[in-house]
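Visitor: Numbering-wise, the working numbering comes out as the position in the sequence shown, counting from 1, plus 15.
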Amino acid sequence: MNTEFAIAEVMPDKLNALVENIMHQTGEADPNEAVRLVNSGEWVVSKQTHSWREEDGVIYFSVTSDGTTGEDWITRLESKGFRVGDYAKQVLRSPDFKPTNGVTTEVAVLKGRLFEDNDRITKKIRAEAYKRKLSKPNAELACLIREKFTDKEIEAMGLWYIVAMHEPINDSGGVPFLLVASRHDGGRWLDACNDGPGSGWSRGGGFAFAVSQVSSQS
Numbered sequence: 016m017n018t019e020f021a022i023a024e025v026m027p028d029k030l031n032a033l034v035e036n037i038m039h040q041t042g043e044a045d046p047n048e049a050v051r052l053v054n055s056g057e058w059v060v061s062k063q064t065h066s067w068r069e070e071d072g073v074i075y076f077s078v079t080s081d082g083t084t085g086e087d088w089i090t091r092l093e094s095k096g097f098r099v100g101d102y103a104k105q106v107l108r109s110p111d112f113k114p115t116n117g118v119t120t121e122v123a124v125l126k127g128r129l130f131e132d133n134d135r136i137t138k139k140i141r142a143e144a145y146k147r148k149l150s151k152p153n154a155e156l157a158c159l160i161r162e163k164f165t166d167k168e169i170e171a172m173g174l175w176y177i178v179a180m181h182e183p184i185n186d187s188g189g190v191p192f193l194l195v196a197s198r199h200d201g202g203r204w205l206d207a208c209n210d211g212p213g214s215g216w217s218r219g220g221g222f223a224f225a226v227s228q229v230s231s232q233s
């Protein structure tokens, strides 16, 4: 009989992340009860099939642009039942919103839980991304994310919103904003949030950067 613990060589941070995931998926606030539900077979762990994958608190997927202009994104999203915020519309209508066509972007979304509450500010999030050799995406990424994923899928990622960490675009008053795909107030939103180096974000957010971009256009 093998008396060795199966977790003997598993790092504590990996175990903690596993229990946190079990708690999230079961909706159980008590970690011992969450683990019991799995061990007893009351809750079955199964492989999920998503158009995204998660590794160590980072979500990966890809999107491809199709040349949609900012104004056309407003029409396109609203015609599909999405809600587009007033500030998002200002960003989309800005001359600094420059769409691409046929560019496939591999995306990495850093989950908010990777950062301590006091460190979850724009400057430090961008610094962490650059250490990981990630780059600023095109602002249209937020639109592509909003259209690609349902609110249920964003919830399954453990997120309330995903911010495209593009170069900030000013609204009509000259205030810098970032586009955000979010789920709140009973609707599927494309919104915009005021951005600055010290802007703080919640733990339930995700921060989208580009891993690489490849153009399929000649």
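For each residue, glycine too, the CB sits at the ideal point set by N, CA and C.
Bear in mind the structure is a predicted one, so any value in this text is a computation, not a measurement.
Report the residue from Asp206, Gly221, Ala32 whose alpha carbon sits nearest the alpha carbon of Glu170.
Guide: Selected option, being the one with the closest Cα: Gly221.
Visitor: Could you give the distance in angstroms between the alpha-carbon of Ala225 and the alpha-carbon of Tyr176?
Guide: Their Cα atoms are separated by approximately 17 Å.
Visitor: Could you tell me the distance, in whole angstroms, from the CA atom of Phe112 to the CA atom of Ile184?
Guide: If I take the Cα positions, the gap works out to 7 Å.
Visitor: How far does the beta strand (DSSP E) with Thr83 in it reach, from first residue to last?
Guide: Counting along the chain, Thr83 falls outside any beta strand (DSSP E), and DSSP gives it neither H nor E.
Visitor: Please state the DSSP three-state secondary structure of Lys138.
Guide: Lys138 falls in the helix class under three-state DSSP.
Visitor: What residue range does the beta strand (DSSP E) around Ala196 cover?
Guide: Start and end: 191 to 199.
Visitor: Judging by CA-CA distance, which residue of Asp71, Trp88, Val106, Leu52 is the nearest neighbour of Ser187?
Guide: Closest option to Ser187, Cα to Cα, is Val106.
Visitor: What residues match up with Thr79 in a beta bridge as DSSP calls it?
Guide: Answer by DSSP bridge pairing, in chain order: Thr119.
Visitor: Please report the straight-line C-alpha distance between Val190 and Asp71, rounded to a whole angstrom.
Guide: Rounded to whole angstroms, Val190 to Asp71 spans 34 Å at the Cα level.
Visitor: CB-CB under 8 Å to Arg203, same chain, minus the five flanking residues each way: which ones, in chain order?
Guide: So the list reads Gly96, Phe97, Arg98, Arg161, Thr165, Asp166, once near-sequence residues are dropped.
Visitor: Given this structure, state the Cα-to-Cα distance separating Ala196 from Asn133, to the nearest angstrom.
Guide: Between Ala196 and Asn133, the C-alpha separation is close to 23 Å.
Visitor: Mind the definition here: the stretch 146 to 162 touches the stretch 81 to 89 only if three or more C-beta pairs lie below 8 Å; say whether that holds.
Guide: Counting Cβ pairs under 8 Å, three or more are found: they touch.
Visitor: Where does Leu125 fall in DSSP's three states?
Guide: In this structure, Leu125 counts as strand in the three-state DSSP scheme.
Visitor: Sort Lys126, Ser214, Pro212, Asp206 by Cα distance to Leu92 and report the nearest one.
Guide: Looking at the Cα atoms, Asp206 is the closest of the given residues.
Visitor: Using a Cβ cut-off of 8 Å (strictly closer), state whether Val118 contacts chain C.
Guide: Of the protein chains in the structure, only one exists, and it is not chain C.
Visitor: Have a look at the DSSP bridge pairing and note the partners of Asn206.
Guide: In the sequence as displayed, the identity of residue 206 is Asp instead of Asn. In the DSSP output, where bridge partners are listed per residue, Asp206 has Val195.
Visitor: Hey, how far is the Cα of Ala179 from the Cα of Ala223?
Guide: Computed Cα separation, rounded: 5 Å.
Visitor: Compute the Euclidean distance between the alpha carbons of Cys208 and His65, then round it to the nearest angstrom.
Guide: Cys208 and His65: Cα-Cα distance of roughly 28 Å.
Visitor: Going by alpha carbons, who is nearest to Pro152 out of Arg68, Leu174, Thr115, Ile136?
Guide: The shortest Cα separation from Pro152 among Arg68, Leu174, Thr115, Ile136 belongs to Thr115.
Visitor: I need the straight-line Cα distance from Ile22 to Gly117, nearest angstrom please.
Guide: Looking at the two C-alpha atoms, the distance is approximately 46 Å.
Visitor: Looking only at its chain, what residues have a beta carbon closer than 6 Å to the beta carbon of Met172, apart from the 5 residues adjacent to it on each side?
Guide: Closer than 6 Å at the Cβ level, and outside the excluded window around Met172, lie Ile74.
Visitor: I believe Glu121 touches Ser150 by the beta-carbon criterion, under 8 Å. Please report the beta-carbon distance rounded to the nearest angstrom.
Guide: Actually they are not in contact, since the Cβ atoms of Glu121 and Ser150 sit about 11 Å apart, beyond 8 Å.
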